[in-house]
C-alpha cells in the first residue's frame, strides 16, 4: 500500500525550456501514468523489498517522484491511497495564520499529517517546529477521509502497540455488490503477508 498525493495521469513535457523537460532519449512514452507527487509518501514494508529488486530491472529516470513511486513499483500490484487533503505546502506566514485562525479546522476530518515549509530560508528550524505543533493536534488517534479506487472511506489510524507500524481500519457503508467484491480482493492482498506492517491493516464493511 502506498499513501501519497496521487497524480493519476502524468503528462510528459517536451518543452526544453521547462524544468520537467523529458527528451525522447530519456523517456520515449508520451504518458507517465499514475505516480505520487513529492513532499511525502508512505510505503508498506513488503513493497520495499519489491522496489529494491526493481532497481536492477527498470529504467532509471531523474524525476525521482516518478522513479520511486511508479518505476520501482513495477509489477507490484500496489494499492494507492490519495492523502492530498492532508498534505500542506506552507510558503508564507500568512498561510500558517489562516490555518490557525479557524479553530474548527482540527475538528474536521481533513487534518494535516505532512507539512512542507518552503523555502527553508524563510522559516528557521525552531519556527517550523513550533508552528507545526500548533497546526497538528497532539493526539494519538487521527481520523482521515481518503479515497481508494473511487470509493470514499473513513480511515482511523492509531499507534500499533505490537510494533512500530501504524494500525489502519477502513470503513464504508452502503456498498454495492461490486464494491464489496473489491474490498474482499483488497483484504486478500493485505492478508497474504503476515510478516510486515500490512498485518496491521484491516478493512471492515458496515
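In our numbering, the protein residues as written are 3 to 208. A virtual CB, placed ideally from N, CA and C, is assigned to each residue, including glycine.
Item to check | Straight-line Cα distance separating residue 53 from residue 68 | outcome: 13 Å
Next on the checklist: Just list the residues that DSSP pairs residue 39 with in beta bridges.
Outcome noted: 7
Item to check | Cβ pair count under 8 Å reaching 3, the stretch 8-18 against the stretch 37-47 | outcome: yes
Next on the checklist: Please list the terminal residues of the continuous alpha helix (DSSP H) segment that includes residue 66.
Outcome noted: 66-71
Checklist entry - Apart from the five residues on each side of it in sequence, which residues of its chain come closer than 7 Å, Cβ to Cβ, to residue 130? => result 119
Item to check | When 84, 72, 62, 80 are compared against residue 47, the one with the closest alpha-carbon | outcome: 80
Checklist entry - Under 9 Å between the Cβ atoms of residue 76 and residue 56? => result yes
Item to check | Reduced DSSP category for residue 56 - H, G, I as helix; E, B as strand; rest coil | outcome: helix
Next on the checklist: Can you find the residues in the same chain that come closer than 8 Å, C-beta to C-beta, to residue 49, ignoring five residues on each side of it along the sequence?
Outcome noted: 3, 4, 75, 78, 80
Checklist entry - Does the distance from the C-beta atom of residue 101 to that of residue 114 stay below 9 Å? => result yes
Item to check | Residue environment, residue 72, which counts as buried when at least 16 other CB atoms sit within 10 Å | outcome: buried
Checklist entry - Rounded to a whole number of angstroms, what is the C-alpha to C-alpha distance between residue 51 and residue 60? => result 14 Å
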